[in-house]
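Comments concern the structure below.
Number of protein chains: 2
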Amino acid sequence: MKNVSKFSSLFKVLSDPNRLGLVFELCKCREANVGQLSQCCSIDFSVVSRHLSKLKGAGVLGANKKGKEVYYDLKREELARLLREFADEIESSSCCN
Amino acid sequence: MKNVSKFSSLFKVLSDPNRLGLVFELCKCREANVGQLSQCCSIDFSVVSRHLSKLKGAGVLGANKKGKEVYYDLKREELARLLREFADEIESSSCCN
DNA sequence: TTCATACTTGCATCTTAATGCAAGTGTATA
DNA sequence: TATACACTTGCATTAAGATGCAAGTATGAA
Chain B
164 MKNVSKFSSL
174 FKVLSDPNRL
184 GLVFELCKCR
194 EANVGQLSQC
204 CSIDFSVVSR
214 HLSKLKGAGV
224 LGANKKGKEV
234 YYDLKREELA
244 RLLREFADEI
254 ESSSCCN
Chain V
164 MKNVSKFSSL
174 FKVLSDPNRL
184 GLVFELCKCR
194 EANVGQLSQC
204 CSIDFSVVSR
214 HLSKLKGAGV
224 LGANKKGKEV
234 YYDLKREELA
244 RLLREFADEI
254 ESSSCCN
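Line order of the protein sequences matches chains B and V. Read left to right, the first sequence gives residues 164 to 260 (my numbering). Read left to right, the second sequence gives residues 164 to 260 (my numbering).
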């Protein structure tokens with residue numbers, strides 16, 4: 164079942180509280196760099212950096228380099244679409260053939 | 164942010180491939196007991212039992228004891244509702260105030 | 001070219017969780 | 001009551017992942 168690994172890896176990347184906190188933060192900030200997120204979420208710089216790159220790797224965030232800084236932004240529509248796709252699949256009666 | 168822990172724990176329970184496989188299986192089977200799921204998913208009995216109880220604890224599954232057997236079923240609407248709630252929150256501009 | 005800033009990555013440590021066997025609990029049937 | 005069946009739980013092992021410091025890389029400014 165390829166949907167299993169597709170969705171389980173998405174859920175995994177969203178399952179860490181710090182990571183999900185960053186997602187919510189980016190949801191209201193529109194975009195932010197590593198230093199800003201590290202500060203407002205009170206998480207070590209290197210930890211934030213790794214979380215963001217993991218979220219980016221999963222397609223949840225986009226990244227935009229401006230000079231020395233990297234600005235991350237939430238890919239709202241993609242993320243929302245994936246979750247609704249899962250919800251639809253769950254609600255349709257025989258979802259995993 | 165209480166939504167962070169609410170959703171991160173939901174995502175965590177869905178993030179294990181075996182567990183998500185059981186969810187998909189229950190999605191098409193409507194309901195099944197531990198032995199049936201253990202067999203069709205090729206996972207050790209005790210492992211399946213623990214995964215199911217974790218999913219039940221998270222409100223993803225319901226359980227129904229019939230004699231010696233326990234039949235688990237997927238709470239489709241609740242699960243779909245939660246995920247759509249998350250999707251809506253993500254898409255609304257300032258979601259985490 | 002030197003320095004500071006912004007970020008990434010290597011590494012060691014520590015938690016958390018998954019796994020499977022074996023033992024325990026509960027329930028129906030002989 | 002004894003036995004079998006369905007499941008749960010304890011325990012030890014193993015693996016995966018989070019964390020933070022320190023060192024490395026990249027980019028802009030002096």
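Ideal Cβ placement from N, Cα and C applies to all residues, glycine included. Values in this document were obtained by computation on a predicted structure and should not be read as measured data.
Please list, in chain order, the chain B residues whose beta carbon lies closer than 7 Å to that of V:ASP151.
In the structure displayed, chain V extends from 164 to 260; residue 151 of chain V sits before or after that span and is not available.
Would the beta-carbon of V:LEU189 fall within 9 Å of that of V:LEU237?
yes
At what residues does the beta strand (DSSP E) containing B:ASP236 begin and finish?
232-237
For V:PHE249 and V:PHE170, the rounded distance between their alpha carbons
8 Å
Out of curiosity, what's the CA-to-CA distance linking B:SER216 and V:LEU173?
22 Å
Identity of the residue in B:VAL176, B:VAL210, B:LEU183 and B:GLU232 nearest B:ASN196 by Cα
B:GLU232
Check B:GLY222 in the structure and name its three-state DSSP category.
coil
Once the 5 residues before and after B:VAL176 are set aside, which same chain residues still bring their CB inside 7 Å of it?
ARG182, LYS217, LEU218, ALA221 and VAL223
Buried versus exposed, by CB contacts within 10 Å (16 or more), V:ARG193:
exposed
Whole alpha helix (DSSP H) elements within the segment 169-202 of chain V, 4-residue minimum
180-192
Quick one, which residues of the segment 242-256 of chain B are near chain V if we go by CB-CB under 7 Å, in chain order?
LEU242, ALA243, LEU246, ARG247, PHE249, ALA250, ILE253 and GLU254
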